[in-house]
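Mapped onto the working numbering, the consecutive letters of the sequence shown carry residue numbers 1 to 150. Please read the structure below before turning to the comments.
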Amino acid sequence: MEVSYQSERASLLSSTTGRSRIGIKKLILYLSTFLLVFGLYFWSSGVRARFQGVGRRSSSKQVHILVITLPESEHPSSHRMAQRVLDGARSVVGRDSAKLLVSNRVDFEKDVLSWSDAVVVGSPVYMANPHPKILEMLSNWNFSEDLSVK
Numbered sequence: 001m002e003v004s005y006q007s008e009r010a011s012l013l014s015s016t017t018g019r020s021r022i023g024i025k026k027l028i029l030y031l032s033t034f035l036l037v038f039g040l041y042f043w044s045s046g047v048r049a050r051f052q053g054v055g056r057r058s059s060s061k062q063v064h065i066l067v068i069t070l071p072e073s074e075h076p077s078s079h080r081m082a083q084r085v086l087d088g089a090r091s092v093v094g095r096d097s098a099k100l101l102v103s104n105r106v107d108f109e110k111d112v113l114s115w116s117d118a119v120v121v122g123s124p125v126y127m128a129n130p131h132p133k134i135l136e137m138l139s140n141w142n143f144s145e146d147l148s149v150k
């Protein structure tokens, strides 16, 4: 009788240990998901406040948004996305305060550093990667420039 009691106890311990491992994995997954959502919420709040601050500081200042896409004939969805970005920016900073440049050939020095306040990249996705033309263009950019003053 005592042997069966010990074997039942051993099976209970092994099943409890297995459950706790699954519980820890789920707990880590839930915590990382919570932290990701929490971080994205506060990051988007800061971006929203920054754009609203631009509109409130000076109503005469234009916001220049550079949208990088492929030619419209190849992928019209990216151009529809660009128009929605412009509509959203105008709803925050004012109707005439947002200007949009949609291009598939962008010079980093001229367009990004000196002209634009925001850059949006629109691309179709192929096997979890952007279009090869977009990747090629972005790989030639100098990302070591300090853009914090923009």
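All C-beta atoms, glycine included, are put in the ideal place defined by N, C-alpha and C.
Three-state secondary structure assigned by DSSP to residue i
i, result
"Val93", "helix"
"Pro130", "strand"
"Leu70", "coil"
"Val125", "strand"
"Lys61", "coil"
"Val119", "strand"
Separation of residue j from residue i, as counted between CA atoms
i, j, result
"Tyr126", "Lys133", "12 Å"
"Asp107", "Thr69", "14 Å"
"Lys110", "Thr33", "39 Å"
"Lys61", "Val93", "9 Å"
"Met137", "Ile24", "43 Å"
"Ser91", "Ile28", "39 Å"
"Ser77", "Pro71", "11 Å"
"Ser144", "Gln83", "29 Å"
"Val112", "Lys26", "43 Å"
"Glu74", "Asp87", "23 Å"
Beta-carbon proximity list for residue i, same chain, < 6 Å, skipping 5 on both sides
i, result
"His64", "Lys99, Trp115, Ser116, Asp117"
"Trp141", "Phe108"
"Arg80", "none"
Nearest candidate by alpha-carbon position, reference residue i, set the options
i, options, result
"Ser105", "Val67, Ile28, Lys25", "Note that residue 105 is Arg in the sequence shown here, rather than Ser. Nearest option by C-alpha distance: Val67."
"Ala154", "Ala128, Leu135, Val119", "In the structure as shown, the chain begins at 1 and stops at 150. Residue 154 is therefore absent and cannot be evaluated."
Beta-carbon spacing of residue i, residue j below 8 Å
i, j, result
"Ser139", "Pro130", "no"
Neighbourhood of residue i by C-beta, 8 Å cutoff - its chain only, sequence neighbours within 5 removed
i, result
"Val85", "Ile65, Val67, Leu100, Val120"
"Leu135", "Asn129"
Residues near residue i by beta carbon distance below 7 Å, same chain, minus five either side
i, result
"Gly55", "Confidence is the limiting factor: at Gly55 the pLDDT is only 44, short of 50, which leaves the residue's position unreliable, though a coordinate-based value still follows. Taken in chain order, the residues that qualify are Val92, Val93, Gly94, Ser97."
Within-8 Å CB hit, residue i to chain D
i, result
"Gly122", "Absence of chain D from the displayed structure is noted, only one protein chain being present."
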